[in-house]
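Here's the structure, in structure tokens; my notes come after.
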Amino acid sequence: MVFNIKKQSGFAMVEVLVTAVVVAIGISGMGVLLLKSLQGTQDNAQRSQAMWIVQDFVGRIRANSVGARAGYYVVNAQPDCTVEPAKMCADHRDEDDNLVQGAVCDPENYTTNDGDEMAIYDKWITACGTNDDIYTSPADFMGNPQLISRCIETSSRISTPTGNQDCVKYQIDFTWDTRIKQSGANAEDRVYSNSYSEVVEVN
Numbered sequence: 307m308v309f310n311i312k313k314q315s316g317f318a319m320v321e322v323l324v325t326a327v328v329v330a331i332g333i334s335g336m337g338v339l340l341l342k343s344l345q346g347t348q349d350n351a352q353r354s355q356a357m358w359i360v361q362d363f364v365g366r367i368r369a370n371s372v373g374a375r376a377g378y379y380v381v382n383a384q385p386d387c388t389v390e391p392a393k394m395c396a397d398h399r400d401e402d403d404n405l406v407q408g409a410v411c412d413p414e415n416y417t418t419n420d421g422d423e424m425a426i427y428d429k430w431i432t433a434c435g436t437n438d439d440i441y442t443s444p445a446d447f448m449g450n451p452q453l454i455s456r457c458i459e460t461s462s463r464i465s466t467p468t469g470n471q472d473c474v475k476y477q478i479d480f481t482w483d484t485r486i487k488q489s490g491a492n493a494e495d496r497v498y499s500n501s502y503s504e505v506v507e508v509n
């Protein structure tokens, strides 16, 4: 008896389905890895911005040592960015992008309880920038940025403008929120807080 065995050719439906499932899993995995990579890049970029903001504020504290020792660089809450200081102590651009010459600010002029003219300007410009229409502050790219500065050490020396003990060490804390996209049409984004801190001594 002779059996006629036909040779199978092509792909069976099961093989096609298995291949499709494997490819789909691979693409999904690559998408997750890409998303994680983008999130990591965003985190690193925002941390660099936070470091820039804190370093800028540290430089301003050191440049105005009299005001810093008086405690005028203490920041307990985020400044109101909608209200400019009475004096803008550096050249800047207005809402029409026109260059405006900065006012002459005297660090020795202690006319308000909030501090000298330079300290008031420094606290505002670091957190707010000068124009809502253009990029002027690294904090523009960060969610819920908060700049807090505390005096953590005083000396026995008495400050000239306030009559209180000199502040000789500040701790600057900058916090911001990062939003993580969750999968699924109804999934809510997850938000977590980041922070960067630095301590600066005042001479």
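The opening position of the sequence shown corresponds to residue 307 in this note's numbering, with each subsequent residue numbered one higher. Ideal Cβ placement from N, Cα and C applies to all residues, glycine included.
Proximity of Val474 and Ser462 at Cβ, strictly below 7 Å: For the purposes of this step, residue 474 is identified with residue 168 of the sequence shown, where counting begins at 1. For the purposes of this step, residue 462 is identified with residue 156 of the sequence shown, where counting begins at 1. For Val474 and Ser462, no; Cβs fall outside 7 Å.
Where Glu459 falls: helix, strand or coil (DSSP): For the purposes of this step, residue 459 is identified with residue 153 of the sequence shown, where counting begins at 1. Correct three-state label for Glu459: strand.
For Ser455 and Arg375, believed in contact at Cβ under 8 Å, the rounded distance: Taking the sequence shown and counting its residues from 1, one reaches residue 375 at position 69. Taking the sequence shown and counting its residues from 1, one reaches residue 455 at position 149. Contact flag wrong, Cβ pair sits at about 14 Å.
Whole-angstrom distance between Phe363 and Lys393, CA atom to CA atom: In the sequence shown, the residue the question calls residue 393 occupies position 87. In the sequence shown, the residue the question calls residue 363 occupies position 57. Cα to Cα, the separation comes out at about 18 Å.
Rounded C-alpha distance that separates Asn275 from Ala330: Here the chain covers residues 307 to 509 and nothing more, so residue 275 does not appear.
For Val327 and His398, the rounded distance between their alpha carbons: In the sequence shown, the residue the question calls residue 398 occupies position 92. In the sequence shown, the residue the question calls residue 327 occupies position 21. Roughly 58 Å between the two C-alpha positions.
Local conformation of Thr388 per DSSP, three classes: Taking the first residue of the sequence shown as position 1, residue 388 is located at position 82. In this structure, Thr388 counts as coil in the three-state DSSP scheme.
Nearest to Thr432 (by Cα), restricted to the options Met319, Val322, Arg485 and Pro391: Within the sequence shown, residue 432 is the residue found at index 126, counting from 1. It is Pro391 whose Cα lies nearest to the Cα of Thr432.
Unbroken alpha helix (DSSP H) run spanning Tyr427, endpoints: The residue given as residue 427 occupies position 121 in the sequence shown. Residues Glu423 to Cys434.
Close Cβ partners of Val505 (< 6 Å) along its chain, the five nearest in sequence each way excluded: For this step, residue 505 is matched to residue 199 along the sequence shown. Cβ neighbours of Val505 beyond the five flanking positions: Gln477.
Proximity to Asp287 [Cα-Cα], best of Ser501, Gly377 and Gln471: Limits of the chain in this structure are 307 at one end and 509 at the other, which puts residue 287 out of reach.
Through-space distance from Glu321 to Asp483, alpha-carbon basis: Walking along the sequence shown from the start, residue 483 turns up at place 177. Walking along the sequence shown from the start, residue 321 turns up at place 15. Computed Cα separation, rounded: 47 Å.
Distance, Arg496 Cα to Met319 Cα: The count along the sequence shown starts at 1 and reaches residue 319 at position 13. The count along the sequence shown starts at 1 and reaches residue 496 at position 190. Taking the straight line joining both Cα atoms gives about 41 Å.
Contacting residues, own chain, Cβ-Cβ under 7 Å from Glu512 (five flanking each side not counted): With the chain represented from 307 up to 509, any question about residue 512 goes unanswered, as that position is not in the structure.
C-alpha distance - Leu405 paired with Gly435, whole-angstrom precision: Taking the sequence shown and counting its residues from 1, one reaches residue 405 at position 99. Taking the sequence shown and counting its residues from 1, one reaches residue 435 at position 129. Cα to Cα, the separation comes out at about 14 Å.
Enclosing alpha helix (DSSP H) for Val505 [first to last residue]: Locating residue 505 in the sequence shown gives position 199, counting from the first residue. Per DSSP, Val505 belongs to no alpha helix (DSSP H); it is in the beta strand (DSSP E), Arg496 to Glu507.
Whole-Å CB distance - Asn470 paired with Ser371, under 8 Å assumed: Walking along the sequence shown from the start, residue 470 turns up at place 164. Walking along the sequence shown from the start, residue 371 turns up at place 65. About 16 Å; that fails the 8 Å criterion.
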